[in-house]
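Undergrad: First residue of the sequence shown: 2, per our numbering; consecutive thereafter. Have a look at the structure that comes next, please.
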Amino acid sequence: MIPKLLLATRNAGKAREYSLLLQRSPFVLTTLDAEGIREEVAESGRTLQDNARLKAVSYALDDRYLVKADDSGLEVDALGGAPGPLSARFGGEGASDADKINLLLSRLRGVPWEERTARFRCVIAIACQQKVIGLCEGVCEGIITFEPEGDQGFGYDPVFYLPELDKTMAELSLEEKNKVSHRAKAAQKALRLLERLRREIDQ
């Protein structure tokens with residue numbers, strides 16, 4: 002029996018969101034830090050799917066854990082889909098969230114509102130014993146604002162505007178965000194996969 006689901010991230014914001022999104026998981030949630038896992042996995046893939054698979058398989062070394070790893074990115078249409086898989090490293094290693102946002106807005110200078118369409122995309126990989134069991138994807142459509150608004154969330158949330166809510170992602174409470182975000186949509190699919198795996202294990 003596999004008793005734990007390892008959340009393979011050191012991003013505190015992501016871990017906090019997933020602890021809520023996956024609280025109905027039929028497996029006990031744990032983290033890299035809680036398990037004393039110090040190894041780092043470079044996101045060297047060319048796509049979000051590649052990176053999610055790579056991280057999941059790299060941490061799924063034995064049958065003590067199912068591993069949930071994800072990669073997510075911001076795809077801006079006016080930038081040809083960039084930064085995409087490079088979203089976390091946009092602006093170079095060590096760039097802060099504010100640095101990344103400033104760089105993004107500078108690249109979009111002069112682009113009119115109607116052409117600032119974008120989406121957050123998340124891909125979750127579930128793996129065990131170095132084998133990917135399933136991939137789950139979620140997408141959230143929006144528009145890049147001209148200036149940051151809101152102080153919740155992390156990453157590009159302050160400049161990602163949701164027309165249906167008339168707010169940026171950073172103006173939402175965590176509970177509100179977890180109803181509409183790309184991670185929420187991918188996590189709902191992951192929960193269904195985990196529930197099926199639990200049934201198979203218990204048979």
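Glycine included, C-beta positions come from ideal geometry on N, C-alpha and C. Computed from a prediction, not measured in an experiment: that's the story for all the values here.
Report yes if the CB atom of PHE28 is closer than 8 Å to the CB atom of LEU192, and no otherwise.
TA: no
Undergrad: Is the CB-CB distance between ARG122 and LEU55 below 8 Å?
TA: no
Undergrad: At what residues does the alpha helix (DSSP H) containing ALA128 begin and finish?
TA: Per DSSP, ALA128 belongs to no alpha helix (DSSP H); it is in the beta strand (DSSP E), 118 to 129.
Undergrad: What is the rounded straight-line gap between the Cα of GLY74 and the Cα of GLN24?
TA: Their Cα atoms are separated by approximately 23 Å.
Undergrad: Quick one, are the C-beta atoms of ILE145 and ALA119 less than 8 Å apart?
TA: yes
Undergrad: Looking only at its own chain, which residues have a Cβ that is under 8 Å from the Cβ of LYS69, when we skip the five neighbours before and after it?
TA: Counting only Cβ-Cβ distances below 8 Å, and skipping sequence neighbours, we find LEU6, LEU7, LEU8, ALA9, TYR19, LEU23, ALA57, ILE125, ALA126, ILE127 and ALA191.
Undergrad: Comparing C-alpha positions only, which one of GLU176, ILE102, GLU116 and GLU115 sits nearest to GLU148?
TA: ILE102
Undergrad: May I ask you to list the residues that DSSP assigns as paired with PRO72?
TA: The sequence as given places Asp at residue 72; Pro does not occur at that position. Its beta-bridge partners are VAL124.
Undergrad: Relative to the alpha-carbon of ALA89, which residue among SER45, ILE202 and LYS178 has its alpha-carbon at the smallest distance?
TA: Ranking SER45, ILE202 and LYS178 by Cα distance to ALA89 puts SER45 first.
Undergrad: When the Cα atoms are used, what is the spatial distance from THR31 to SER174?
TA: 24 Å
Undergrad: May I ask which residues mark the beginning and end of the beta strand (DSSP E) holding TYR162?
TA: It spans 161 to 163 - the beta strand (DSSP E) in which TYR162 sits, taken as one unbroken run.
Undergrad: Which of helix, strand or coil does DSSP assign to VAL181?
TA: The answer is helix: DSSP assigns VAL181 an H, G or I state.
Undergrad: Note down, in chain order, each residue of its chain lying with its Cβ closer than 6 Å to the Cβ of SER26, except the 5 sequence neighbours on either side.
TA: LEU6 and LEU195
Undergrad: Look at the alpha carbon of THR169 and the alpha carbon of ASP71, and state the distance between them as a whole number of angstroms.
TA: 23 Å
Undergrad: If you draw a straight line from the C-alpha of GLY139 to the C-alpha of VAL181, how long is it?
TA: 10 Å
Undergrad: So GLU172 and GLU150 are supposed to be a Cβ contact under 8 Å. How far apart are they, rounded?
TA: 6 Å
Undergrad: With 16 other CB atoms within 10 Å as the buried threshold, where does LYS178 fall?
TA: It counts as buried.
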